[in-house]
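In mature numbering (1 follows the signal peptide of the UniProt record, and there is no 0), the protein residues as written are -23 to -1, 1 to 624. Where a beta carbon is used, it is the ideal one built from N, C-alpha and C, also for glycine. Remarks on the structure that follows.
Next comes the structure, spelled out in structure tokens:
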């Protein structure tokens, strides 16, 4: 056995920098937010397939390859043969790190004639790995000099021995029987304590073993077969059970996969439990079809009788899955990219996700819409809606998001500050547009919920968390005195004038406004309606002021453009000034926020630019600069893919 030092990934220094810069230490006791899949590739040129790759998922079903499906570790840096297959990853029992075992085999160069080794890797953070390679024929010649195959090694923690047991399939040159052998790993996981011994000998042989412990029983899943007079008549996924890792293992000879007995063979079975669910997933590789499918079980004996498919942007072969924390997901994304956006969103109160905007859209890991912004204590705070429901052609908006920046390039995302469900009265609505304003040291978030009204939530910090300040709507359709549609009470914008008077504007089809009392949670006086020549109002009002002039910008027409008007008083009269922003990308709606920050004015808006999947119900927030003419009118916005972060 030869021990190798650090994997030559060429990223060690960069990893340390990125890890400290992109993640904040957070405890996740027994809590997983997603999943990590270790696999090797099953398509493309043969020389590129047998390397270690990772993919991530938020739900265990929909998967995204990391590193653009390129290897996270190239096999010629870790394997004697120059190739690895069947990677198996586990989290250490004390949660202090991770182990991977893999078949040391390069079929592209050497074919299937023989392989005699195993690759073993260990890491504390999933990105920096040390490794060793074991050649059983050379290290244990007395028993394994004539070994033909050493396949699909996996690792399980033995709580009795308090050691890690590595088990794998063995076939000898003079015997076509496939049996499982095992050995305890040494303390530093660079090899075995002793020579491997026979662990389990299925009646007709087996490969690709995977053991999981549940309710006092070890379940040993593997690809088995049935033979009559020495001839195989059936194969598929079977299991044996035992009360101990030392056996004896009892076969039940049943086939668990729905393809057993058909012309579609499967192998590479793997079992993992879904987070926060009683369900286990039995996945397997349909290697002649280029597909991965799965069946479910709650007891590991009875499985669903129809196969289900994963969605993925890669073509995996035999691999394995572990749970993944949000912190780990963000660290992986900082190094290799590709982690689904749902896993990057902070969840715990002290958690943060830091990222750099690469032009427009600003945020690419989740869909965002309806931007609103304030400047507070040297930071620009961006509040957005959140388009959820991937693939849906209608709006699904359940919560709002919050981000901050000090330079318009580097951004911090905070845990979800406010959900629609935080408003007990807003059942059946959607988390529509809103705006935050600061007053008397508190932050007030005015939100809309489609037809159910406008609410207000309050927090002590701009990042929240926010709580419903009223327990009921601040405004409803009853306040929209001449409205012609039931969703008129949406899209609030709030402005605090120089005299300290707070104003709220809102509406769809008609634009309404009113004063707010100093407590910010009551209307002060009558509700009025904005009206002036040329006013073709759709929705999304926004108020800002510059050099004594008030600017009312708003969405007009459909698909929506942004127009604006000016006035010397928030009570009007208003003068129509024309179109400010054209239709934004492939989004029918448009919603703006205009704010000054560090001597520049910025125009936030949304479009449907993220592809695939972006559109009118899957929008993305962007920002470009806005400029004034000498007479105080506004120049048209030039929407750009570069945005402001690269300037």
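- For residue 303, the enclosing alpha helix (DSSP H) starts and ends at 303 to 313.
- Inclusion of residue 101 and residue 143 in the CB contact set at 7 angstroms is not warranted, their separation being larger than that value.
- Per DSSP, the continuous beta strand (DSSP E) segment holding residue 348 begins and ends at 346 to 353.
- Counting along the chain, residue 212 sits inside the beta strand (DSSP E) bounded by residues 208 to 219.
- For residue 152, the enclosing beta strand (DSSP E) begins and ends at 152 to 161.
- Per DSSP, reduced to three states, the secondary structure at residue 619 is coil, with no helix or strand assignment.
- In the DSSP assignment, residue 225 is bridged to no other residue.
- Residue range 552 to 558 is occupied by the beta strand (DSSP E) that includes residue 558.
- In this structure, the beta-carbon distance from residue 529 to residue 611 does not fall below 7 angstroms.
- Residue 484 holds the alpha-carbon nearest to the alpha-carbon of residue 507 among 308, 484, 434 and 247.
- Contact annotation: residue 419 and residue 381 have beta-carbon atoms that are not nearer than 7 angstroms.
- In this chain, the beta strand (DSSP E) harbouring residue 331 covers 330 to 333.
- Taking a C-beta distance under 7 angstroms as the contact criterion, residue 145 and residue 103 do not qualify as a contact pair.
- For residue 202, the uninterrupted beta strand (DSSP E) run begins and ends at 194 to 205, by DSSP.
- Excluding sequence positions up to five before and after residue 565, its CB lies within less than 6 angstroms of the CB of 536 and 593, all in the same chain and listed in chain order.
- A contact is defined here as three or more CB-CB pairs under 8 angstroms, and the segment 25 to 37 meets this definition with respect to the segment 306 to 320.
- For the segment 522 to 598, there is no continuous alpha helix (DSSP H) assignment of 4+ residues that stays within its boundaries.
- One alpha carbon belongs to residue 189, the other to residue 67, and they sit about 12 angstroms apart.
- Of the candidates 266, 259, 293 and 520, 259 places its Cα closest to the Cα of residue 279.
- By a beta-carbon distance limit of 8 angstroms, residue 232 contacts residue 214. Their separation comes to about 7 angstroms.
- One alpha carbon belongs to residue 169, the other to residue 262, and they sit about 29 angstroms apart.
- For residue 85, the uninterrupted alpha helix (DSSP H) run begins and ends at 84 to 87, by DSSP.
- Under the DSSP assignment, residue 80 falls in the beta strand (DSSP E) whose first and last residues are 75 to 81.
- For residue 13, the secondary structure class from DSSP, reduced to helix, strand or coil, is strand.
- Annotation: residue 332 to residue 511 spans about 42 angstroms, alpha carbon to alpha carbon.
- Contact annotation: residue 155 and residue 184 have beta-carbon atoms nearer than 7 angstroms.
- Separation of the CB atoms of residue 586 and residue 338 is rounded to 5 angstroms, and the pair is thereby assigned contact status at 8 angstroms.
- Residue 463 sits exposed, since fewer than 16 C-beta atoms from the chains shown fall within 10 Å of its C-beta.
- By the criterion of a C-beta distance shorter than 6 angstroms, residue 289 is surrounded in its chain by 40, once the five residues flanking it on both sides are discounted.
- No Cβ-Cβ contact shorter than 7 angstroms links residue 329 with residue 383.
- Taking C-alpha positions only, residue 11 is separated from residue 297 by approximately 14 angstroms.
- For residue 362, the pairing in a beta bridge is given by DSSP as 346 and 377.
- Across the structure, residue 160 and residue 106 are spaced so that their CA atoms are roughly 22 angstroms apart.
- Between the alpha carbons of residue 470 and residue 370 lies a gap of roughly 27 angstroms.
- For residue 65, the beta-bridge partners assigned by DSSP are 78.
- The segment 45 to 60 makes contact with the segment 78 to 92: 3 or more CB pairs, one atom from each, lie closer than 8 angstroms.
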